[in-house]
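Trainee:
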Amino acid sequence: MFNSPPDWPEPIIRVQSLSQTCIDSIPERYIKTPNDRPSINSSIDDANIPIIDLSDLYGGDKDAQLSILKQISEACNEWGFFQIVNHGVSPDLMDKARETWRQFFHLPMEVKQKYANSPKTYEGYGSRLGIEKGAILDWSDYYFLHYLPLCLKDYNKWPDLPPSCREVFDDYGKEVVKLSGRLMKALSINLGLGEDFLQNAFGGEDIGACLRVNFYPKCPKPDLTLGLSSHSDPGGMTMLLPDDQVPGLQVRKCDHWITVKPHRYAFIVNIGDQIQVLSNAIYKSVEHRVIVNSDKERVSLAFFYNPKSDIPIEPAKELVTLDKPALYPAMTFDQYRLFIRMRGPRGKSQVESLKSRT
Ligand SMILES: O=C(O)CCC(=O)C(=O)O
């Protein structure tokens, strides 16, 4: 098993600074191979991921609840991605969270540099995922922090500017954790398990939760690069607050990339690798990536709802049969996420590689 190195293999260059100095070209390090460029296999139609209204999931009548559960089930089976509206998190808090982080990225560089991260924990202000020397990089900067468990939550690693940042993110985290817990119940029921099954498999009250705020600066050559390379999320479930003014997220559907049209005040939910493992691949994590553009920056908040990091995650016994034996060996999330931390985003190669080990 790998060990996290103490530092990056090369000096870190902030993409935001590059964006200010690169007028009509980008450094070679950011130019993707032709097969990975945005124009390849992009969808030409106006497909979108499903949009599900959650208003009646709790408190609606039985039929309304069943209909929402069915929509969630279909979305998980067919897409692994969906948008939710009327989910209970206040629109004002969503705007505040996104705009507070946008302000952070517009602070002077010396303020942000105080929080520069290392590959050891990734917490703080970063500009690359993975530590492979000479790797082709993505056109984005980010801020990564832990929200849960409480023993990993460290305000010293959260920005102290803008002044409201810590308070706003504390409020936001509380609401998103609550919402994620509700969705976990819906997913458990839809899998035919007890409603608390997934939450308990994640460690009950002791789940992990962290945030990556992605900042995609304007790019003079958006056709040659990606804001974030194709990947599936290594954790449990992701609640993404997109930039509702600037599309950019693309989801792989068969051999095409569908550009998500964000619905105002929706969260974009997606299944991560740990739910793929627990459901014995009834639900699958789905590859996604981010494209950039030349006239608008983009900010997104990816909130990762994860299992407790040191408990074994394996297919639910109830979902293992003679016809469908366990597809994955047990592994802790700590062990699992080292892959992406070392190698950076690589499509679905990690979860697929586990299959051959059973
Ligand atoms: O920026 C986005 O829309 C997606 C971000 C994402 O996929 C991630 O942070 O893992």
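Each residue of the sequence shown is one higher than the one before, counting from 1126 in the numbering used here.
By construction, the Cβ of each residue, glycine as well, lies at the ideal position given by its N, Cα and C atoms.
Can you tell me whether DSSP reads Phe1294 as helix, strand or coil?
Mentor: To locate residue 1294, count along the sequence shown from 1; it is residue 169. Here Phe1294 sits in helix by DSSP.
Trainee: May I ask you to check if the CB of Ala1172 is nearer than 6 angstroms to at least one heavy atom of ligand 1?
Mentor: For this step, residue 1172 is matched to residue 47 along the sequence shown. Every heavy atom of ligand 1 is 6 angstroms or more from the Cβ of Ala1172, so no.
Trainee: Please give the ranges of any alpha helix (DSSP H) in the segment 1362-1412, keeping only runs that are unbroken, at least 4 residues long and fully inside the region.
Mentor: DSSP runs (the alpha helix (DSSP H)) wholly in the segment 1362-1412: 1398-1403.
Trainee: Buried or exposed for Val1236, going by 16 or more other Cβ atoms inside 10 Å?
Mentor: Here residue 1236 refers to the residue found at position 111 when the sequence shown is read from its first residue. Exposed is the call here.
Trainee: Rounding to the nearest angstrom, what Cα-Cα distance links Gln1475 and Phe1464 in this structure?
Mentor: Taking the sequence shown and counting its residues from 1, one reaches residue 1475 at position 350. Taking the sequence shown and counting its residues from 1, one reaches residue 1464 at position 339. Distance between the alpha carbons of Gln1475 and Phe1464 is about 7 angstroms.
Trainee: Starting from Ala1427, follow the beta strand (DSSP E) in both directions and report where the run begins and ends.
Mentor: What you label residue 1427 is simply residue 302 of the sequence shown in a count that begins at 1. Its beta strand (DSSP E) spans residues Arg1423 to Asn1431.
Trainee: Counting only runs of 3+ residues fully inside the segment 1169-1242, write out the beta strand (DSSP E) ranges in chain order.
Mentor: Segments of the beta strand (DSSP E) lying fully in the segment 1169-1242: 1176-1178 and 1206-1210.
Trainee: Buried or exposed: which applies to Met1126, given that a residue is buried once 16 or more other Cβ atoms fall within 10 Å of its Cβ?
Mentor: On the sequence shown, position 1 is the one that residue 1126 refers to. Because Met1126 carries a pLDDT of 46, less than 50, the predicted location of this residue cannot be relied on, and the following value inherits that uncertainty. It is exposed - the Cβ of Met1126 has fewer than 16 other Cβ atoms within 10 Å.
Trainee: Our contact map puts Leu1351 next to Asn1405 with C-beta atoms below 8 angstroms; I'd like the distance itself, whole angstroms only.
Mentor: Walking along the sequence shown from the start, residue 1351 turns up at place 226. Walking along the sequence shown from the start, residue 1405 turns up at place 280. That pair is no contact at about 31 angstroms.
Trainee: Pairing CB atoms from the segment 1293-1305 with CB atoms from the segment 1377-1389, are three or more of them under 8 angstroms?
Mentor: No, they do not touch.
Trainee: Give a single yes or no on whether Pro1163 has its beta carbon closer than 6 angstroms to a heavy atom of ligand 1.
Mentor: Taking the sequence shown and counting its residues from 1, the one referred to as residue 1163 is at position 38. Incorrect: Pro1163 has no Cβ contact closer than 6 angstroms to ligand 1.
Trainee: Out of curiosity, what's the CA-to-CA distance linking Ser1252 and Trp1226?
Mentor: The residue given as residue 1252 occupies position 127 in the sequence shown. The residue given as residue 1226 occupies position 101 in the sequence shown. Cα to Cα, Ser1252 sits roughly 16 angstroms from Trp1226.
Trainee: Check whether the Cβ of Ala1189 sits closer than 6 angstroms to any heavy atom of ligand 1, and report yes or no.
Mentor: Position 64 of the sequence shown, counted from the start, is the residue given in the question as residue 1189. No, the beta carbon of Ala1189 sits no closer than 6 angstroms to any heavy atom of ligand 1.
Trainee: Quick check on Ala1334: does DSSP put it in helix, strand or coil?
Mentor: Indexing the sequence shown from 1 puts residue 1334 at position 209. Residue state, collapsed to three classes: strand.
Trainee: Rounded to whole angstroms, what's the CA-CA distance from Leu1349 to Leu1273? Just pull it up for me.
Mentor: Within the sequence shown, residue 1349 is the residue found at index 224, counting from 1. Within the sequence shown, residue 1273 is the residue found at index 148, counting from 1. So the alpha carbons of these two residues sit roughly 37 angstroms apart.
Trainee: Opposite Arg1139 in the DSSP bridges: which residues?
Mentor: In the sequence shown, counting from the first residue as 1, residue 1139 sits at position 14. Its beta-bridge partners do not exist; DSSP assigns none.
Trainee: Nearest CA to the CA of Ser1192: which residue from Phe1340, Cys1201, Leu1179 and Ala1455?
Mentor: Within the sequence shown, numbered from 1, the residue matching residue 1192 stands at position 67. Comparing Cα-Cα distances from Ser1192 to each of Phe1340, Cys1201, Leu1179 and Ala1455, the minimum goes to Leu1179.
Trainee: At a threshold of 6 angstroms, does Val1371 count as lining ligand 1 (C-beta to nearest heavy atom)?
Mentor: Within the sequence shown, numbered from 1, the residue matching residue 1371 stands at position 246. No; taking the cut-off as 6 angstroms, the Cβ of Val1371 has no heavy atom of ligand 1 nearer than that.
Trainee: Along the beta strand (DSSP E) that carries Asp1263, what are the first and last residues, could you check?
Mentor: Residue 1263 sits at position 138 when you count from the first residue of the sequence shown. Looking at the DSSP string, Asp1263 is not in any beta strand (DSSP E), and its letter there is neither H nor E.
Trainee: Would you list the residues sitting across from Ser1129 in a DSSP beta bridge?
Mentor: The sequence position of residue 1129 within the sequence shown is 4, counting from 1. Paired residue(s): none; Ser1129 is not in a bridge.
Trainee: Closer than 7 angstroms by C-beta to Ser1478: which residues in its own chain qualify, once you throw out the five before and the five after it? Chain order, please.
Mentor: In the sequence shown, residue 1478 corresponds to position 353, counting from 1. Nothing listed; no residue qualifies.
Trainee: Between Trp1264 and the rest of its own chain, which residues show a CB-CB distance below 6 angstroms, the 5 nearest in sequence each way excluded?
Mentor: Within the sequence shown, numbered from 1, the residue matching residue 1264 stands at position 139. Excluding positions up to five away in sequence, the list reads Val1140, Tyr1155, Cys1344, Thr1350, Gly1352 and Val1417.
Trainee: Which residue's Cα is closest to the Cα of Tyr1408: Glu1203, Arg1162 and Ser1150?
Mentor: Start at 1 with the first residue of the sequence shown, and residue 1408 comes out as number 283. It is Glu1203.
Trainee: Below 8 angstroms on the Cβ atoms is my contact criterion, and I expect Leu1426 with Leu1318 to pass it. Report the Cβ-Cβ distance as a whole number of Å.
Mentor: If you number the sequence shown from 1, residue 1426 lands on position 301. If you number the sequence shown from 1, residue 1318 lands on position 193. Their Cβ separation, rounded to whole angstroms, is 29 angstroms, which puts Leu1426 and Leu1318 out of contact at 8 angstroms.
Trainee: Could you name each continuous alpha helix (DSSP H) segment of 4 residues or more that falls completely within the segment 1457-1481, going from the start of the chain to the end?
Mentor: You should have 1458-1468 and 1474-1480.
Trainee: Skipping 5 residues on each side, what residues in its chain have a beta carbon closer than 6 angstroms to that of Ile1176?
Mentor: For the purposes of this step, residue 1176 is identified with residue 51 of the sequence shown, where counting begins at 1. These residues qualify, in order along the chain: Gln1208 and His1388.
Trainee: For Ile1197, which residues in the same chain have their Cβ closer than 8 angstroms to its Cβ, ignoring the five residues on either side in sequence?
Mentor: Sequence index remark: in the sequence shown, residue 1197 carries index 72 (1-based). Result list for Ile1197: Ile1177, Phe1207, Leu1308, Ala1311, Leu1312 and Asn1315, in chain order.
Trainee: Is the segment 1362-1372 touching the segment 1429-1442 in the sense that three or more CB pairs, one from each, lie closer than 8 angstroms?
Mentor: Cβ pair count under 8 angstroms is three or more, so yes.
Trainee: Could you check whether the Cβ of Pro1367 sits closer than 6 angstroms to any heavy atom belonging to ligand 1?
Mentor: Residue numbering aside, residue 1367 sits at position 242 when the sequence shown is read from its first letter. Yes, the Cβ of Pro1367 comes within 6 angstroms of a heavy atom of ligand 1.
Trainee: Taking only three categories from DSSP, how would you classify Ser1144?
Mentor: Start at 1 with the first residue of the sequence shown, and residue 1144 comes out as number 19. Residue state, collapsed to three classes: helix.
Trainee: Where Asp1162 and Gln1399 are concerned, what is the direct C-alpha to C-alpha distance, given to the nearest angstrom?
Mentor: Taking the first residue of the sequence shown as 1, we reach residue 1162 at position 37. Taking the first residue of the sequence shown as 1, we reach residue 1399 at position 274. In the sequence as displayed, the identity of residue 1162 is Arg instead of Asp. The alpha-carbon atoms of Arg1162 and Gln1399 are separated by roughly 28 angstroms.
Trainee: What is the residue span of the beta strand (DSSP E) that Leu1353 lies within?
Mentor: Translated into positions along the sequence shown, residue 1353 becomes position 228. Unbroken beta strand (DSSP E) run through Leu1353: Leu1353 to His1356.
Trainee: Say yes only if the C-beta of Ser1144 is nearer than 6 angstroms to one or more non-hydrogen atoms of ligand 1, and no if none qualify.
Mentor: Taking the first residue of the sequence shown as 1, we reach residue 1144 at position 19. Flag unset: Cβ of Ser1144 not near ligand 1.
Trainee: Please confirm whether any heavy atom of ligand 1 lies closer than 6 angstroms to the CB of Ser1425.
Mentor: Here residue 1425 refers to the residue found at position 300 when the sequence shown is read from its first residue. Yes, ligand 1 has a heavy atom inside 6 angstroms of this Cβ.
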